[in-house]
Amino acid sequence: MKTITLKLSGLHCVSCSLNIDGELEDLPGVTAVSTSYARQETIITYDPTLANPAQFGTVIEKLGYHVI
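Position one of the sequence shown corresponds to residue 105 (the numbering used here), numbered consecutively onward.
Below you can see the structure in the form of structure tokens.
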């Protein structure tokens with residue numbers, strides 16, 4: 105397992121964090137997600153044989169947020 109922390113922008117409330125968590129948790133190979141509105145970041149634990157970190161940014165961008 106690997107863990108990656110992504111800095112984000114565009115989160116306006118706690119619901120934004122929950123939206124990101126829900127979408128990332130549905131990706132194959134993702135085992136844990138914790139997104140913080142206050143810190144504007146998400147921490148993702150994943151199996152690198154099943155998930156690619158580039159996918160994470162794509163999902164986040166489709167939700168209307170930005171990885172910085």
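For every residue, glycine included, the Cβ atom is placed at its ideal position computed from N, Cα and C.
None of these values were measured; they are calculated from a predicted model.
- For a cut-off of 8 Å, the C-beta gap from Thr149 to Ala136 is around 4 Å, short enough to register as a contact.
- Between Leu112 and Tyr169, the C-beta spacing is below 7 Å.
- For Thr109, the CB contacts under 7 Å within the same chain, skipping 5 residues up- and downstream, are Glu145, Ile147 in chain order.
- The beta carbon of Asp125 is closer than 6 Å to those of Val137, Thr139 in its chain, skipping five residues each way along the sequence.
- Annotated as proximal: Leu154 and Gly133, with beta-carbon spacing under 7 Å.
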